[in-house]
Every structure is written in C-alpha cells, then in structure tokens.
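Peer 1:
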Amino acid sequence: MRKVTLIPGDGIGPEVVDAARMCISATGVEIEWEVYPAGQTALERYGKLVPDELLESIRRNKVALKGPIITPVGSGFRSVNVFLRKELDLFACVRPAKIYPGVRTRYDVVDLVVIRENTEDLYAGIEFAEGEDATRDLIDLVSRYGKGYIREDSGISLKAISRFGSERIVRFAFEYALANGRKKVTAVHKANILKFSDGLFLEVAREVAEEYRDRVEFEDIIVDNLSMQLIQRPERFDVLVLPNLYGDIVSDLCAGLVGGLGVAPGANIGNEVAVFEPVHGSAPKYAGLNKVNPLATILSGVMLLDHIGEHTHARRLEEAVIEVLKEGKALTYDLLPPGEQDRAVGTREMAEEICRKLA
Ligand code: NAD
C-alpha cells in the first residue's frame with residue numbers, strides 16, 4: 004500500500020484535509036496516511052513547529068498532502084511553509100488556474116498554470132534590520148563599491164537570483180509543458196529595471212527555451228504588463244514561469260480569475276519530494292465551522308493522484324468534482340451568489356456529495 008504523509012495544518016486545515024482524504028479514499032486508491040501536525044498545532048503538542056518525525060516521514064514517503072499552516076509570531080520562525088520548501092528543496096510551486104463549469108467567474112475560459120520558483124529571490128529571508136551593525140556594514144559596503152546610497156535608517160531585504168535556480172525552474176516549466184500537452188511557456192520578469200537578478204533569470208530562460216524551440220513556444224513579459232494582460236485576456240496564457248515573489252502574487256491573482264481561493268489547488272515539487280496543498284491559508288475566522296470550500300484541497304488531491312501515477316483515479320475524482328459543480332446542489336457559501344447563501348452546504352457535505360459520485 005502506498006504511504007503518504009498527511010499534515011492537517013491549522014485553522015480550517017483539518018476540515019479541508021479531512022474532506023480531501025475522504026474523496027481520495029472514495030476513488031479506491033489504497034493509501035496509508037501517516038498523520039503529523041506542523042505549525043501552531045505541532046507547537047502545542049510537540050513543543051516544535053516542525054517535528055523531526057514529520058520531516059522524516061515526508062522524506063521517506065516522498066509525497067505529502069498538507070493543509071495550511073499558521074506560523075505564530077515570535078516563534079523564531081519566519082514561516083513554516085518557507086522552511087519546509089527550503090528544507091525539502093521543493094523548488095517548483097505549481098498552481099493550475101482553470102475555470103470549472105458552474106463556478107462563478109468574470110471570464111469564460113481560463114486554463115493556465117503558474118510555476119513559481121520557491122527557494123530564492125526576496126523570499127530567501129536574507130534580511131537586515133534597521134540600526135543593526137550588519138546593516139550599517141552593508142550600507143557602507145554598498146557605498147564603498149559605488150553601488151548607490153542607502154539611507155542609514157533603512158531595513159534591507161536581499162534579492163538574489165542564481166543561474167542554477169533559474170535554469171532548474173525554467174527547465175521544469177518546459178518539461179511540465181511537454182508532459183501536460185501545453186503549448187507555450189511565458190517567462191515573467193522585471194529585467195528592464197532589475198538587470199542583474201531578473202536580467203539573469205531572463206537570460207537563462209532564453210537559453211533554456213532554445214533547447215525546446217521545436218516543441219514548445221516561448222515568450223517573455225514584464226510583470227506589470229502581465230498583470231494587466233491577465234485581467235484583459237487571460238486566455239492568451241498557458242504556462243507562466245516566475246521568480247518567487249512575482250509567482251506568489253500572480254498565483255493569487257490567477258486564483259481570483261477562476262473563482263477564488265476556494266478552488267485553487269497547488270503543489271510544491273522537488274527532485275525527491277512533492278507536497279500538495281491548497282493555495283489558500285488557514286482562514287482562522289472560519290476554523291471549526293464546517294463552512295469553507297474543500298475543493299482547493301480536493302483538487303490538490305487530484306494533482307497528488309496524478310503525481311503517483313494514478314491517472315485514471317485522478318480523472319474520476321476531477322470528473323466527480325465537475326459533476327457536483329454542474330449540478331449546483333451541494334455548494335459551499337463562496338460558490339453561491341449573495342442572494343442564495345441560505346442553500347450553502349458545509350465542507351463535509353460537499354465532500355460527501357463528491358464521494359457519492361465516485362461510488
Ligand atoms: P487565507 O487564505 O487564510 O484567507 C483569506 C480569505 O480567503 C478568507 O477569509 C476567506 O474569505 C477566503 N478563503 C480562504 N480559503 C477558503 C476556502 N477554502 N473556502 C472559501 N473561502 C476561503 O489568507 P490569510 O487570511 O491572509 O491568512 C491566514 C493565515 O494563513 C495566516 O496565518 C497565513 O500566514 C496563513 N497562510 C498559510 C498558507 C499555507 O500554509 N500554505 C498560505 C497562505 C496563508
């Protein structure tokens with residue numbers, strides 16, 4: 004039996020993860036789940052935000068399904084999620100944005116995939132606080148090298164983008180496009196201003212694109228132009244590949260194009276390990292209310308099934324989701340217009356309806 008690590012997470016995490024586990028089980032794929040907490044729940048139970056047992060389990064099983072996690076302020080951790088991505092070298096964040104039938108959106112057709120570099124850029128967490136000795140040294144260094152003037156009372160976050168990191172994420176995007184029948188890769192950057200970080204990303208993207216030129220189309224676009232074009236003509240994009248910060252922002256934008264965070268799945272993928280999780284966070288105000296949409300996590304489960312080679316079951320689960328959406332009878336509050344909120348069902352009830360379609 005296939006073993007998969009399960010991290011229920013914090014806030015609404017346990018509810019949506021439970022719903023996804025139920026639906027995956029209903030496909031008939033036999034999975035033994037190894038359940039470990041992380042984040043706030045783990046801190047309360049193990050005295051540690053990321054228990055060693057959890058990391059060992061993910062490394063052993065190579066696949067995990069994860070709920071959103073809260074990183075308590077003052078815990079000494081910048082972000083448990085960033086830590087997990089770095090620790091497990093989950094360098095590629097894959098977030099498909101596709102309009103499913105029955106989901107209310109402003110568009111008719113959106114079917115694109117955001118591939119975000121997960122380990123570098125401003126999110127590497129290399130920061131210098133205002134007034135520290137190291138910050139003063141850095142400010143002096145910048146001035147000594149004639150690189151510009153930084154005000155003394157500045158806080159500084161470093162943006163480093165490497166040739167290595169750029170090449171592997173762009174190559175990942177092209178391989179993803181080939182494996183998934185996608186036609187075009189668009190590299191997103193701000194190389195006109197950030198010549199040495201985004202400029203390097205773009206230079207490497209163009210080099211890698213050359214190797215695929217007969218098989219996958221390539222273009223590049225400046226991130227501000229992309230933001231405008233995504234709103235005006237989202238159907239013109241296929242696979243987007245972006246450095247970390249732009250990827251974070253653009254993937255939420257794309258979730259908005261296809262109906263919101265309730266329907267946006269994701270995966271963090273490395274060479275060894277893959278962790279599947281919804282794009283949304285732990286929405287603490289809804290925790291324990293059996294109210295939020297489980298689809299983002301269930302669709303992350305579809306991605307997980309594909310990843311472990313269970314393609315037939317992945318398609319069956321996705322079809323079951325589509326059927327429930329089309330019927331429109333068992334929908335959570337976020338999928339209904341304001342006037343119809345009284346007919347919303349709970350997280351569990353929606354998942355149960357999906358399971359019935361799989362029976
Ligand atoms: P959030 O995604 O938790 O919630 C924002 C809003 O989106 C919610 O108030 C709700 O209206 C809506 N929403 C989110 N998930 C939904 C769902 N499944 N169904 C219906 N509506 C949904 O974002 P936030 O409030 O900025 O973050 C809350 C906490 O989550 C923070 O502690 C943050 O750090 C954490 N977070 C964790 C992850 C992760 O673990 N991957 C990702 C993002 C945020």
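Numbering-wise (our numbering), the sequence shown opens with residue 4 and increments by one.
Where a beta carbon is used, it is the ideal one built from N, C-alpha and C, also for glycine.
#1: Could you pull the DSSP bridge partners for residue 117 from this structure?
#2: Hey, residue 353 and residue 327: beta-carbon distance below 9 Å or not?
#3: Tell me whether the beta-carbon of residue 320 lies closer than 9 Å to the beta-carbon of residue 27.
#4: Near residue 9, what residues of its chain come up, given a Cβ to Cβ distance below 6 Å and the 5 sequence neighbours on each side ignored?
#5: Keeping to the same chain, check which residues put their C-beta closer than 8 Å to that of residue 22; ignore five residues upstream and five downstream.
#6: Is the region 233-241 in contact with the region 190-199, if contact means three or more CB pairs nearer than 8 Å?
#7: Any chance the CB of residue 303 is under 8 Å from a heavy atom of the ligand NAD?
#8: Do residue 253 and residue 188 have their beta-carbon atoms positioned less than 9 Å apart in this structure?
#9: Keeping to the same chain, check which residues put their C-beta closer than 6 Å to that of residue 44; ignore five residues upstream and five downstream.
#10: Straight-line CA distance for residue 280 to residue 228?
#11: CA-CA distance, residue 81 and residue 211?
#12: How would you call residue 270, buried or exposed, if buried means at least 16 neighbouring beta carbons within 10 angstroms?
#13: Smallest Cα separation from residue 160: which of 170, 137 and 324?
#14: Give a single yes or no on whether residue 103 has its beta carbon closer than 8 Å to a heavy atom of the ligand NAD.
#15: For residue 356, collect the residues of the same chain with a Cβ closer than 7 Å to its Cβ; drop the 5 residues on either side in sequence, then sort them by chain order.
#16: Can residue 356 be considered in contact with the ligand NAD, in the sense that its beta carbon sits closer than 8 Å to one or more heavy atoms?
#17: With burial defined as no fewer than 16 other Cβ atoms inside 10 Å of the residue's Cβ, what is the status of residue 46: buried or exposed?
#18: So for residue 271, helix, strand or coil by DSSP?
#19: What distance in whole Å lies between the Cβ atoms of residue 17 and residue 70, which are believed to be in contact at a cut-off of 8 Å?
#20: Taking only the alpha-carbon atoms, compute the straight-line gap between residue 141 and residue 213 and give it to the nearest angstrom.
#21: So, with DSSP's three-state summary, where would you put residue 190?
#22: Can you name the residues that DSSP bridges to residue 278?
#23: Name the DSSP bridge partner or partners of residue 34?
#24: Can you tell me which residues form a DSSP beta bridge with residue 159?
#25: Please give the ranges of any beta strand (DSSP E) in the region 210-254, keeping only runs that are unbroken, at least 3 residues long and fully inside the region.
#26: Compare the Cα-Cα distances from residue 218 to each of 225, 179, 247 and 323 and report the closest residue.
#27: Among 65, 102 and 358, which has the Cα closest to the Cα of residue 276?
#28: Start and end of the alpha helix (DSSP H) containing residue 300?
#29: With H, G and I counted as helix, E and B as strand and the rest as coil, what does DSSP make of residue 72?
#30: Note down, in chain order, each residue of its chain lying with its Cβ closer than 6 Å to the Cβ of residue 208, except the 5 sequence neighbours on either side.
#31: Quick check: residue 93 and residue 242, are their CB atoms within less than 9 Å of each other?
#32: Quick check: does the Cβ of residue 264 come within less than 8 Å of any heavy atom belonging to the ligand NAD?
#33: Expressed to the nearest angstrom, what Euclidean distance is found between the alpha-carbon atoms of residue 153 and residue 122?
#34: Give every residue of the same chain whose Cβ lies closer than 7 Å to the Cβ of residue 170, excluding the five residues on either side of it in the sequence, and list them in chain order.
#35: In angstroms with no decimal places, state the Cα-to-Cα distance between residue 362 and residue 292.
Peer 2: By the coordinates alone:
#1: Against the sequence shown, residue 117 aligns to sequence position 114. Note: residue 117 sits in a beta bridge opposite 98 and 243.
#2: Stepping through the sequence shown from its first residue, residue 353 is reached at position 350. Stepping through the sequence shown from its first residue, residue 327 is reached at position 324. Taking 9 Å as the Cβ cut-off, residue 353 and residue 327 qualify as a contacting pair.
#3: Counting from one through the sequence shown, the residue named residue 320 turns up at place 317. Counting from one through the sequence shown, the residue named residue 27 turns up at place 24. Yes; because the gap between Cβ atoms is below 9 Å, this pair is in contact.
#4: To locate residue 9, count along the sequence shown from 1; it is residue 6. Contacts found: 36, 38 and 68.
#5: What you label residue 22 is simply residue 19 of the sequence shown in a count that begins at 1. Correct list, in chain order: 297, 300, 301, 350, 351, 353 and 354.
#6: no
#7: As a first step, residue 303 is located in the sequence shown; it is residue number 300 there, counting from the start. For residue 303, the CB stays at least 8 Å from every heavy atom of the ligand NAD.
#8: Taking the sequence shown and counting its residues from 1, one reaches residue 188 at position 185. Taking the sequence shown and counting its residues from 1, one reaches residue 253 at position 250. A distance of 9 Å or more separates the beta carbons of residue 188 and residue 253.
#9: Locating residue 44 in the sequence shown gives position 41, where the first residue counts as 1. Here the set comprises 13.
#10: Mapped onto the sequence shown, residue 280 falls at position 277. Mapped onto the sequence shown, residue 228 falls at position 225. Between the C-alpha atoms of residue 280 and residue 228 there is a straight-line separation of about 29 Å.
#11: To locate residue 81, count along the sequence shown from 1; it is residue 78. To locate residue 211, count along the sequence shown from 1; it is residue 208. Straight-line Cα distance between these residues: approximately 33 Å.
#12: Counted from its first residue, the sequence shown places residue 270 at position 267. Per the 10 Å Cβ criterion, buried.
#13: If you number the sequence shown from 1, residue 160 lands on position 157. Considering only 170, 137 and 324, the residue with the shortest C-alpha distance to residue 160 is 137.
#14: Here the question's residue 103 lines up with position 100 in the sequence shown. Not under cutoff, so the answer is no.
#15: Here residue 356 refers to the residue found at position 353 of the sequence shown. For residue 356, where only same-chain residues beyond five positions count, the Cβ hits under 7 Å are 327 and 333.
#16: Stepping through the sequence shown from its first residue, residue 356 is reached at position 353. Not so, every heavy atom of the ligand NAD lies at least 8 Å from the Cβ.
#17: Within the sequence shown, numbered from 1, the residue matching residue 46 stands at position 43. Result: buried.
#18: Here the question's residue 271 lines up with position 268 in the sequence shown. DSSP places residue 271 in strand when its eight states are reduced to three.
#19: Residue mapping note: residue 70 aligns to position 67 of the sequence shown, counting from 1. Residue mapping note: residue 17 aligns to position 14 of the sequence shown, counting from 1. Indeed they touch by this definition, with Cβ atoms about 6 Å apart.
#20: Translated into positions along the sequence shown, residue 141 becomes position 138. Translated into positions along the sequence shown, residue 213 becomes position 210. If I take the Cα positions, the gap works out to 38 Å.
#21: Residue numbering aside, residue 190 sits at position 187 when the sequence shown is read from its first letter. It is a strand residue.
#22: Position 275 of the sequence shown, counted from the start, is the residue given in the question as residue 278. Note: residue 278 sits in a beta bridge opposite 67 and 271.
#23: As a working note, residue 34 is residue 31 in the sequence shown. Answer is 5.
#24: Within the sequence shown, numbered from 1, the residue matching residue 159 stands at position 156. DSSP lists 131 as partners of residue 159.
#25: 220-225 and 242-245
#26: Mapped onto the sequence shown, residue 218 falls at position 215. Comparing Cα-Cα distances from residue 218 to each of 225, 179, 247 and 323, the minimum goes to 179.
#27: Taking the first residue of the sequence shown as 1, we reach residue 276 at position 273. The option with the nearest alpha carbon to residue 276 is 65.
#28: Your numbering for residue 300 matches position 297 in the sequence shown. Element bounds for residue 300: 298-310.
#29: Sequence index remark: in the sequence shown, residue 72 carries index 69 (1-based). It is coil, neither helix nor strand.
#30: Start at 1 with the first residue of the sequence shown, and residue 208 comes out as number 205. If we look at residue 208 and ignore the five residues flanking it on each side, its Cβ neighbours are 173 and 190.
#31: Sequence index remark: in the sequence shown, residue 93 carries index 90 (1-based). Sequence index remark: in the sequence shown, residue 242 carries index 239 (1-based). No, they are not a contact pair.
#32: Sequence index remark: in the sequence shown, residue 264 carries index 261 (1-based). Yes; taking the cut-off as 8 Å, the Cβ of residue 264 has a heavy atom of the ligand NAD nearer than that.
#33: As a working mapping, residue 153 is identified with position 150 in the sequence shown. As a working mapping, residue 122 is identified with position 119 in the sequence shown. In a straight line, the C-alpha of residue 153 is about 26 Å away from that of residue 122.
#34: Working through the sequence shown from its first residue, we reach residue 170 at position 167. Answer for residue 170: 207 and 211, listed in chain order.
#35: As a working note, residue 362 is residue 359 in the sequence shown. As a working note, residue 292 is residue 289 in the sequence shown. Cα-Cα distance, rounded: 27 Å.
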